[in-house]
Structure formats: C-alpha cells, structure tokens
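*Asks:* Below: one structure in structure tokens.
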Amino acid sequence: MTVDIRVIRAGQMYRYYLRETVVGDGRRPAHTPLRAAQEQAGVPAGRWMGRGLAVLGLTAGEEVTEAQLRNLFGERGRHPHADRIEAERLAKGDSPKKAFKAGALGRRVTVTGVDFVFRPQPTIYLLWALGDEETRRVIEAAHEYAIERMLEWIEDEVAVIRYGKDGIYRVRPPGGLVAARFRHYEARSGRPLLHDHLLLSVKGQRLDGKWGSIHTTALHENTVAASALYNELVAAEVCEALGLVTEPRTVTPGRRPVMEIAGVPHELIRWTSRRSDQIAACLAELEHEYVTAVDDDGELRFLPVVSERARAKMNQIAARKTRPPKRKTRPLAQLRKEWKESAIRTSKVAADVINSLLEHARAAAAAIRARVATVVDIALAAVDVAATVFVMNKGGRFHRRHLLAEARRHLALVLRGRRRDPGLDNQVVAAAITTHCLDITEPKTTRGREAAYRLYTARWPLSDLPARRRPLTPAPDPDRQPPADPGEPAAPRLPGQDAGEWEIPRMPLQYERAVLAGAVVREQLRTATATAVRGRAYDVVAHQQAAMPEQLLAPLAAEAEHDDQEPESGRREAIDMTALRALRKSRTDVEALDLTADRLRRLQDAFAKAGDDSRVRANRNTGRGDDTGAVHPVRPDGQQAHRPQKPGPHRGREAGH
C-alpha cells in the first residue's frame with residue numbers, strides 16, 4: 026500500500042509531530058519558531074484542507090500555525106483559535122471555566138486525529154526527483170489532487186460520528202472534516218521519497234450543531250480502499266499530463282503486481298530501496314531464529330514454516346531494528362542535484378537514460394498505446410473482483426470495502442493510467458454484489474444492518490478452489506530444520522551459508538490462487554449459454570499483454586538438433602515454462618499469459634496434484650497417515666504447536682519439496 030495510517034494522541038503532538046514531522050522529519054532546534062524551522066529545513070509550510078474549515082473560521086490552503094496544531098491536536102481537541110476565543114470571553118467578563126469551555130469542540134478526547142501518509146509509486150517519484158522543473162511541478166500537482174479527492178471520499182462515504190448510548194447512532198459529518206497537510210521530500214536513507222503527512226482531526230460537527238468524534242475504526246478499515254483510490258488517481262493525473270502509461274510489474278513472486286510507469290528502469294527503483302535491502306537482510310535472520318527457536322525442553326516452539334501473519338510481524342520488527350537516525354534536512358534543489366549524481370554513479374543505469382527519463386517513458390507509452398486498447402467491461406471486472414476477493418479473504422467472507430478496493434485495482438490495471446468516469450468503481454462493485462455474491466449477513470446489532478458491514482461470499486461452487494485454510498505441517502527436513510534430538514544444539518544451516526542463502530519454508534501465498542479462481546470463473550461464464558450476451562467482455566484481453574516482452578509474444582525457436590522434426594500430432598499444448606520464467610524475471614504480471622481452457626485444466630490438475638503430494642508427504646513424515654482429524658494445539662501467536670518427530674535415519678530431501 027502507498028497510504029499508511031496511525032492514530033495521533035495528544036501527547037504525541039508535542040513529543041513527535043511538533044518537533045519532527047512538521048519540519049520534514051528533521052530535528053527542530055529548540056526555541057525556534059515553526060516557520061523559521063521549516064525554512065531552515067527547506068520544506069514548505071503546512072496547509073489546511075477539508076470542507077470543515079469554514080465552520081472553524083479557516084480557509085483551504087491557509088498556512089498551519091503552531092498554536093493551531095497545539096490546540097486542535099495537542100490539547101485534546103480544542104478549537105484552532107481557542108486562545109483567541111478564550112481571551113475574548115474573559116474580556117467580556119466570563120469566568121475562566123466558561124471561557125475555557127467556549128474554546129472546546131465538544132468533549133475532550135485522547136485520540137485527537139489520525140496521520141495518513143501518502144506516497145506515490147516509486148516510478149512516479151523517480152520522475153519527480155530526476156526530471157526537470159516542469160515534470161516536478163506536474164507530479165506534485167497530481168499528488169495534491171489525489172490527496173484532495175481521497176479526503177473528499179472519506180468525508181462522503183467513510184467518516185461517521187458516533188453518539189448515543191454505546192455509539193448506537195451514526196451520522197456523516199455534514200460540514201466535512203479538517204486536516205493539515207505537510208510535505209516531505211526524502212526517506213531516512215537519504216533517497217528521494219515524495220510523501221505528505223495528512224493530519225486528520227477526529228472532530229466533526231453533527232446536524233444539531235454539537236461536536237462529536239469520528240469513529241477511527243472505520244478509517245482503519247477503509248485504508249486499503251483509500252490506498253487503491255490514491256494510486257489510481259495520482260497515476261492517471263501524471264500519465265494524462267505527461268503522456269505516459271502504467272504497466273503491471275511483479276515485484277515479489279506470488280504476490281499482486283504493482284502498477285508502475287512504463288519505461289522507467291527497475292534498476293532505479295532498486296537504487297532507491299536501500300532501506301528495503303536492509304530490512305530484507307534482517308528479516309532473513311529473524312526467520313531463521315523463528316524456525317529454529319526451541320523451548321526449555323529442546324522442542325520447537327513454532328511450526329518449522331513461516332506463515333504470512335508471522336512474516337508480517339517480523340517485517341515490522343526488522344523495520345524497527347534497521348531504522349537509521351534521521352538526517353539533517355536540506356533544500357529540495359540541492360537534494361535533486363545530489364540524487365541525479367548518485368543515480369548516475371551507483372544505479373547501473375546509463376547516464377543518458379537518467380538525463381532523458383521522461384522521454385524514455387513516453388516512448389514506452391507510445392509503443393504500449395499502439396498495441397493495447399483500454400476497454401473497461403463491467404461484467405468482466407465484476408468476475409475478476411468477486412473471484413479475487415473470495416479467495417484472498419479468510420474463509421471466503423468479505424465486506425463491500427474489500428470489493429471496492431479490488432475494483433479500483435482492476436480499473437488501474439485495465440486503464441493503464443487513463444482517467445475513468447466518476448463512480449465506475451461503484452458500478453463494478455454493484456455488479457459483483459448483484460451477480461456473483463451472496464449476502465450471508467446475520468445482523469444482531471445496528472452496525473450489522475449497515476450496508477458497509479453486510480457480509481458476503483461468492484455464489485459459485487468452487488470446490489476445486491476452496492477458501493483460505495491453514496495448510497498442513499510440511500515434512501521436516503534434517504538439512505534445513507533443527508535436529509529432533511533435544512540434547513543436540515540447533516544447527517540447520519550448512520557451513521558457509523548466510524541467513525539470506527538459507528531457504529526458509531513459507532506457507533503458499535493466496536494471490537496465485539486468486540488469479541486462477543478468476544480465470545476459472547471467466548471460463549465458466551464464457552462457455553455458459555446463459556451468458557452469451559457478455560461475449561464481448563472476453564474480447565478485451567489485449568490489455569493483459571501490454572507489458573509482455575516482445576520475445577514472449579512470438580513462438581520460441583526450435584533447438585538445432587531437433588529443428589527437422591515434426592511436432593507430435595495429437596499432443597496437448599504445453600505451458601511455456603521458459604516464457605513464464607522470463608515473464609517473472611521481467612517483473613510483469615502472471616495474468617499476461619494467455620490462459621486457454623486447456624491450460625486452465627492443466628493448471629488445476631497441477632495445483633491439485635501439488636496439494637495431494639504435499640498432504641501425503643506431511644502425513645508420512647508426521648506419522649499421521651490416517652486422517653484422524655487431530656488438531657495441533659494453537660499457541661497465543663496464532664501458530665500451531667509442533668512436536669518434532671523422533672530421531673531416525675536421514676531420509677534426504679523429498680522430490681519436489
């Protein structure tokens with residue numbers, strides 16, 4: 026995601042935000058006025074945003090002062106001009122208690138706001154950092170526009186004020202919300218990272234004029250949908266203004282592809298990811314410690330496999346352990362000069378490409394536009410969205426916000442950086458709910474009856490593609506796992522191997538199964554007579570091949586020693602594994618492969634066979650050949666307890682393990 030969220034507590038405003046965040050993540054000198062500190066740091070002043078400014082006597086774009094931040098966020102939710110209001114009341118003869126109450130916005134709160142952090146895709150801020158001044162201004166304008174639209178969406182469809190007993194009543198803030206935006210230019214590593222902190226106040230006014238607090242849980246629940254909307258908008262604005270297109274790139278095999286600007290070399294993204302490399306190295310060490318951890322009896326504390334949940338927690342730990350101290354901030358002009366020099370010197374990208382990065386991106390965009398027609402078909406989008414969400418969510422149960430986030434990702438994939446009609450994402454969601462989803466809500470509370478919290482599942486009987494479930498324990502391998510004898514020390518690594526070279530077994534990711542689910546459902550709809558009217562929906566797959574290298578579109582040359590042989594007659598079409606490997610290496614999306622009906626059947630057979638083989642190996646190695654249904658005790662961290670098998674002869678690695 027490119028949008029992060031964290032709550033702001035009253036004390037944090039003094040300890041962190043007023044000292045560091047408001048001055049570009051640097052260290053604000055003691056007793057230095059806010060504006061002077063921002064000028065020294067080379068960052069612009071904060072600006073007010075939101076439709077709720079008028080009620081507070083503020084205007085959009087007005088400079089944010091330290092006193093206003095202190096009152097609204099640091100003093101538990103007071104009016105930004107509380108000092109002036111209190112002085113005026115005291116001058117009129119009001120008591121200090123009454124004057125103080127006049128400057129309050131309802132009841133005092135501990136959580137005074139949320140901090141949204143917006144950063145565009147890496148290829149966009151690379152163009153911003155290495156391009157000319159005109160490119161920089163265009164990207165910053167697109168960045169600000171996307172933030173404004175995202176804030177409007179939160180005001181209209183997400184934010185709610187709870188009041189009444191147990192918060193039984195909920196209402197949208199009719200006057201809108203209030204937020205302060207602060208611009209930052211670089212990451213902790215010193216590499217370019219255009220990003221804004223949007224400090225959103227929890228205070229909102231109801232229809233009766235009273236002030237209440239925004240329900241922050243709703244903001245957290247919709248962060249993924251907000252991130253998808255911001256990504257889509259900022260990419261569309263940049264591409265339309267500069268004549269560019271986006272392409273899907275698979276950064277991590279098995280995970281969802283990300284949309285990046287076509288023509289920007291991936292080596293430049295690697296140049297900016299110094300922190301990512303440090304986190305990855307630390308994560309490898311943490312994973313090794315995790316799968317080799319033993320208790321006082323010498324038994325494994327966890328499963329000898331890393332789940333996605335455990336890996337996410339370890340990733341957070343690795344980020345904290347490798348977090349460098351903040352650097353002294355510098356003016357943007359100086360940073361841009363240093364960034365370009367560093368990229369030319371260390372990124373392994375040719376200097377002429379870096380100096381003319383925008384022209385290279387435009388050339389790639391022209392080639393893609395000549396081959397691809399961006400056509401949005403709501404019927405096809407509804408299939409992809411519903412199938413992906415069904416597989417990706419736990420138990421195949423999901424809410425409307427999950428469909429909305431996936432619909433925005435689908436539109437970004439299809440449109441490739443072109444603007445879309447307003448409300449098109451909601452149309453896709455409505456079609457998915459109406460045609461492919463089943464409402465399984467059992468409302469027991471007022472919240473359960475709300476449209477945003479209705480529970481859905483898919484209508485199709487995908488028996489061959491079950492919902493997410495916990496995989497069985499993999500077979501322990503003496504070459505990679507700690508020894509089973511409690512008296513022996515754990516020494517799973519081979520001599521001379523570092524943690525990064527030591528292969529850690531991980532639970533399979535869900536996105537590949539989600540892609541297969543969407544392909545299966547599309548094939549079912551393609552062959553069904555009742556859906557013949559949707560035939561044109563399946564003629565627009567050209568967009569999936571936009572990012573494919575040209576060598577993958579042409580047939581491979583025959584080997585020299587076999588070029589005189591005729592192809593075997595009656596043989597089923599084989600999946601081109603060479604092309605698949607090259608496709609992953611080029612970091613494009615797996616969906617770019619042409620999934621025909623024959624290939625779908627073969628993929629399903631391969632998935633089923635792999636699952637059966639894994640289950641047989643697990644049963645054989647854990648001594649549970651008979652499926653008794655026994656369940657390992659669950660530990661507090663969500664991992665099942667694991668008892669190592671008794672010492673025995675070395676089996677060697679199983680085939681395919």
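Residue numbering for the sequence shown follows our numbering, starting at 26 and increasing by one per position.
Even glycine gets a Cβ: it sits at the ideal position worked out from N, Cα and C.
1) In angstroms with no decimal places, state the Cα-to-Cα distance between G118 and L97.
2) What does the alpha-carbon distance come out to for the pair V263 and E285?
3) Per DSSP, which residues does T74 bridge with? Please list them.
4) I'd like to know whether the C-beta atoms of R296 and T371 end up nearer to each other than 8 Å.
5) Pairing CB atoms from the region 273 to 280 with CB atoms from the region 48 to 65, are three or more of them under 8 Å?
6) By the DSSP assignment, the alpha helix (DSSP H) with V378 in it spans what residues?
7) Determine, using beta carbons only, whether G5 and K228 come nearer to each other than 8 Å.
8) Reducing DSSP to helix, strand and coil, say where P684 ends up.
9) To the nearest angstrom, how far is it from the Cα of I403 to the Cα of A184?
10) Which of the three DSSP states is assigned to G268 in this structure?
11) Compare the Cα-Cα distances from A407 to each of R34, T459, T275 and G86 and report the closest residue.
12) Looking at the structure shown, is D157 part of a helix, part of a strand, or coil, going by DSSP?
13) If distances are taken between C-alpha atoms only, which option among T90, P69 and L254 comes closest to N451?
14) By Cβ distance below 8 Å, which residues in the same chain neighbour E111 in space, the five residues on each side in sequence not counted?
15) For L202 versus E180, is the C-beta distance shorter than 8 Å?
16) Report yes if the C-beta distance between A204 and S226 is below 8 Å; otherwise report no.
17) Under three-state DSSP, which class holds S238?
18) With 16 other CB atoms within 10 Å as the buried threshold, where does T57 fall?
19) Who does T482 pair with in a DSSP beta bridge?
20) Among residues of its own chain, excluding the 5 on either side of E88, which ones have a beta-carbon nearer than 6 Å to its beta-carbon?
21) Please classify L578: is it buried, with 16 or more other beta-carbons within 10 angstroms of its beta-carbon, or exposed?
22) Can you tell me which of the three DSSP states L254 falls into?
23) Going by the CB atoms, is the gap between L357 and Y150 shorter than 8 Å?
24) Between the Cα of L218 and the Cα atoms of H240, Q341 and T354, which residue gives the shortest distance?
25) For G82 versus P198, is the C-beta spacing smaller than 8 Å?
26) For A107 and V139, what's the separation of their Cα atoms in angstroms?
27) Evaluate contact between the region 28 to 45 and the region 151 to 162, counting only Cβ atoms and requiring at least three cross-stretch pairs below 8 Å.
28) Please name the residue, chosen from L94, E257, T248 and V32, that lies closest to R434 on a Cα-to-Cα basis.
29) Inspect the beta-carbon positions of V378 and H385 and report whether they are closer than 8 Å.
30) Tell me the rounded alpha-carbon separation between R14 and A411.
31) My output table needs one value for T57: the three-state DSSP class, helix, strand or coil.
32) Tell me F143's beta-bridge partners as DSSP assigns them.
33) Whose C-alpha, out of D157, F143, M339 and L223, is nearest the C-alpha of L382?
34) Tell me, please, which residues DSSP counts as bridged to F423.
35) Are the beta-carbon atoms of I239 and R206 separated by less than 8 Å?
36) Should R53 go down as buried or exposed, given a rule of 16 or more other Cβ atoms within 10 Å for buried?
*Replies:* Considering the structure as presented:
1) 25 Å
2) 11 Å
3) One detail in the question is off: residue 74 reads as Met in this sequence, not Thr. In DSSP, M74 forms a bridge with A204.
4) Per the sequence shown, residue 296 should be read as Trp rather than Arg. Yes. Within cutoff.
5) no
6) A376 to N380
7) Absent from the model: residue 5. The displayed extent of the chain is 26 to 682, so no value can be given.
8) Within the shown structure, residues of the chain are numbered from 26 to 682, placing residue 684 beyond reach of any answer.
9) 28 Å
10) coil
11) T459
12) coil
13) L254
14) A124, F125, A127 and G128
15) yes
16) yes
17) strand
18) exposed
19) L463
20) A70
21) Because the pLDDT of L578 is 31, which lies under 50, any placement of that residue in the model is unreliable, and the number read from its coordinates should be weighed accordingly. By the neighbour-count rule (16 or more Cβ atoms within 10 Å), L578 is not buried but exposed.
22) helix
23) no
24) T354
25) no
26) 21 Å
27) no
28) E257
29) yes
30) Because the chain here runs from 26 to 682, residue 14 falls outside it and cannot be looked at.
31) coil
32) V28 and D221
33) D157
34) Y481
35) no
36) buried
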